[in-house]
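The sequence shown begins at 701 in this note's numbering and counts up by one.
Structure, as structure tokens:
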Amino acid sequence: MAHPFSHRFRVRYAEVDPQAVVFNSRYLEYADVVVSEFFRARRAEGMPDLEFHIRKAEVDYLRPIRLEELIEGRLRVERIGNSSMAMRIELHGTAQGEGADDLRAVIALVQVHVDLDSGEALRIPDSLRQAFAPFLGESAKEKVDA
């Protein structure tokens, strides 16, 4: 299994609600931060005409995330299809140290590569497929290579 891409961030005051936990909509913002950093790290951010829209987003809240916690987002590409790709982002607490399993939430995203003018789905370029290949699970690699 490929290692996930990871990015750490700290929870800010503006992100928590009166219950002193991260407000639920912020989890999708955190997923967006991790995806954006993934694209940047894979040098995909500057690819011309590379636009994705979220088709589906699903969040499983497992344990609360609190103010000032250092969170690690871990991203895996689950599948790359013709015009869409599925990603899994896990949000982990880091206070328990390396190797500890402190999973707080799992976010599943399906994104579609689109033409901004027409809104029509476009084939995901081979250059992006190659850039993301190291983060594909084994079953996803078989589908891409087929």
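Don't be surprised by glycine CBs; every beta carbon is placed ideally from N, CA and C.
Assigned exposure category for residue i - 16 Cβ within 10 Å defines buried
{"i": "residue 795", "result": "exposed"}
{"i": "residue 719", "result": "exposed"}
{"i": "residue 843", "result": "Model confidence at residue 843 stands at a pLDDT of 48, short of 50, so the residue's coordinates are unreliable; what they give is reported in the following sentence. Answer is exposed; the Cβ neighbour count stays below 16."}
{"i": "residue 713", "result": "exposed"}
{"i": "residue 754", "result": "exposed"}
{"i": "residue 790", "result": "buried"}
{"i": "residue 809", "result": "buried"}
{"i": "residue 830", "result": "exposed"}
Reference residue i; option with closest CA among the options
{"i": "residue 780", "options": "707, 824, 705, 706", "result": "824"}
{"i": "residue 750", "options": "810, 837, 822", "result": "822"}
{"i": "residue 770", "options": "757, 742, 803", "result": "803"}
{"i": "residue 807", "options": "813, 766, 730, 721", "result": "730"}
{"i": "residue 764", "options": "723, 816, 734, 828", "result": "723"}
{"i": "residue 762", "options": "816, 707, 721", "result": "721"}
{"i": "residue 710", "options": "814, 767, 815, 816", "result": "767"}
Inter-residue Cα distance where the pair is residue i and residue j
{"i": "residue 776", "j": "residue 832", "result": "9 Å"}
{"i": "residue 773", "j": "residue 704", "result": "9 Å"}
{"i": "residue 737", "j": "residue 819", "result": "25 Å"}
{"i": "residue 837", "j": "residue 778", "result": "6 Å"}
{"i": "residue 707", "j": "residue 727", "result": "14 Å"}
{"i": "residue 717", "j": "residue 740", "result": "30 Å"}
{"i": "residue 784", "j": "residue 793", "result": "30 Å"}
Tell me the start and end of each unbroken beta strand (DSSP E) in the stretch 726 to 790 that is at least 3 residues and wholly inside, in chain order. As far as the stretch 726 to 790 is concerned, its whole beta strand (DSSP E) runs of at least 3 residues are 752 to 761, 770 to 780.
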